[in-house]
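Below is one structure, written out as structure tokens; the observations come after it.
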């Protein structure tokens with residue numbers, strides 16, 4: 008696992024040991040960043056299920072103004088901090104060790120770009136999307152990128168944002184929502 012492009016290009020990233028995490032493959036990460044390449048520069052990013060922090064770190068490396076990376080695991084929190092230090096991007100990121108719903112309950116700012124890549128077997132993705140629509144933390148025109156099992160279907164819309172595209176990369180599906188998108 009490495010940073011693909013930008014100021015931290017080719018820097019190898021640490022990941023947690025064990026089966027508790029499922030890092031996004033470089034192939035899928037590269038595809039996601041090709042999809043959103045014009046949505047990054049100067050933007051505020053939320054990576055709600057941080058893991059290693061690689062999605063937010065990639066966005067920061069490509070010019071995002073700032074990022075909040077959330078993960079409930081103390082081990083992930085440590086890995087994310089180490090990765091930010093290795094990439095020299097720590098000054099533009101905040102790492103929060105909290106459950107995703109606890110973070111969303113107290114979220115007090117808006118984001119341009121939200122990454123959601125929770126554990127596949129749980130209902131975390133649906134719960135996060137519902138809560139994000141309720142609290143209105145996605146800026147107008149902002150996007151949400153969801154990583155999911157390819158066979159898992161997501162709704163066309165939520166209050167405040169609509170699905171604009173689905174992609175499939177082997178067993179991985181990517182759904183992109185946009186705030187204020189028209190069908």
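In my numbering, the protein residues as written are 8 to 190. Note that the Cβ used here is the ideal one computed from N, Cα and C, for glycine as well. Remember, it's a predicted structure, so these values are computed and weren't measured experimentally.
Enclosing beta strand (DSSP E) for residue i [first to last residue]
i, result
"residue 100", "100-104"
"residue 146", "145-156"
Beta-carbon proximity check, residue i vs residue j, cutoff 8 Å
i, j, result
"residue 18", "residue 101", "no"
"residue 86", "residue 161", "no"
"residue 70", "residue 13", "yes"
"residue 145", "residue 105", "no"
"residue 181", "residue 154", "yes"
"residue 9", "residue 68", "no"
"residue 131", "residue 107", "yes"
"residue 61", "residue 31", "yes"
"residue 136", "residue 165", "yes"
"residue 149", "residue 118", "yes"
"residue 151", "residue 184", "yes"
DSSP beta-bridge partners of residue i
i, result
"residue 19", "9"
"residue 51", "73"
"residue 176", "179"
"residue 121", "53, 151"
"residue 107", "According to DSSP, which records beta bridges pairwise, residue 107 is partnered with nothing at all."
"residue 185", "150, 169"
"residue 115", "Its beta-bridge partners do not exist; DSSP assigns none."
"residue 78", "104"
Any non-hydrogen atom of the ligand FAD within 7 Å of residue i CB
i, result
"residue 70", "The ligand FAD is absent from the structure shown, which contains no ligands of any kind."
Cut-off 7 Å between Cβ atoms - residues of its own chain near residue i, not counting five sequence neighbours on either side
i, result
"residue 11", "33, 36, 37, 40, 65"
"residue 26", "Low confidence applies here, because residue 26 scores a pLDDT of 45, under 50, leaving its location unreliable; read the following figure in that light. Once the five neighbours on either side are set aside, residue 26 has no close Cβ partner at all."
"residue 190", "Confidence at residue 190 is low in this model, with a pLDDT of 44, below 50, so the placement of that residue should be treated as unreliable; the coordinate-derived value is given next. Excluding positions up to five away in sequence, the list reads 169."
"residue 178", "156, 157"
"residue 82", "23"
"residue 96", "15, 64, 67, 68"
Alpha helix (DSSP H) segment containing residue i, residue limits
i, result
"residue 42", "33-42"
"residue 94", "81-94"
"residue 138", "131-142"
"residue 68", "61-68"
Cutoff 6 Å; reference residue i; Cβ partners in own chain excluding five residues on either side
i, result
"residue 99", "67, 73"
"residue 75", "53, 101"
Same chain, Cβ closer than 8 Å to residue i, neighbours up to 5 away in sequence not counted
i, result
"residue 125", "55, 56, 107, 131, 132, 135"
field: Meets three-Cβ-pair contact criterion under 8 Å: the segment 102-117 and the segment 34-50
entry: no
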